[in-house]
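For reference, the structure discussed in these notes is given below.
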């Protein structure tokens with residue numbers, strides 16, 4: 003502030019706020035205010051030579067640098083947390099898909115077992131019916147015929163020797179075709 007302006011304010015009984023207001027008016031009048039400190043909001047005066055400072059003091063400059071670094075760290079941490087969250091979601095999605103596939107496979111395996119068991123029982127029932135109605139068909143069955151295939155299916159779907167046990171259990175004493 004120039005000497006002339008200071009003379010205007012000397013000896014007056016003014017409050018600090020009034021002095022501040024008048025200085026502000028004088029600065030506006032003579033165009034010496036060139037900016038505002040982004041940290042504290044104080045007006046920054048244009049020096050006689052050189053560029054206008056960006057901050058009003060070194061403490062504001064340090065505060066700005068510290069806040070800027072904190073913002074950078076915050077963005078890094080936030081992006082890392084976001085990436086971790088997305089990866090966690092993907093893991094849960096894949097785990098859910100894997101569990102559903104595993105469950106479907108187990109259900110399919112159980113259904114296959116049930117179908118094989120039902121098929122085996124149906125074949126055994128056919129063989130028992132043939133044995134009860136006409137046991138000579140079993141004795142005279144060709145090795146590549148329907149009965150041989152039926153007996154082969156029974157043994158394949160169950161344990162080897164199931165056909166012989168079934169026939170002997172039901173009283174058949176003749177030869178068993180292979």
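In this note's numbering, the protein residues as written are 3 to 180.
Idealized CB from N, CA, C, for every residue including glycine.
Values in this document were obtained by computation on a predicted structure and should not be read as measured data.
Reduced DSSP category for residue i - H, G, I as helix; E, B as strand; rest coil
i	result
residue 176	coil
residue 163	coil
residue 147	coil
residue 55	coil
residue 171	helix
residue 22	helix
Where the beta strand (DSSP E) containing residue i begins and where it ends
i	result
residue 47	45-47
The alpha helix (DSSP H) enclosing residue i, as first and last residue numbers
i	result
residue 105	60-135
residue 140	138-141
Beta-carbon spacing of residue i, residue j below 8 Å
i	j	result
residue 123	residue 165	no
residue 58	residue 44	yes
residue 150	residue 177	no
residue 152	residue 125	yes
residue 169	residue 133	yes
Stretch-stretch touch, CB-based, cutoff 8 Å, three pairs: the stretch 88-108 with the stretch 140-154 = no
Could you tell me whether the stretch 79-94 touches the stretch 47-64, using the rule of 3 or more Cβ pairs below 8 Å?
-> no
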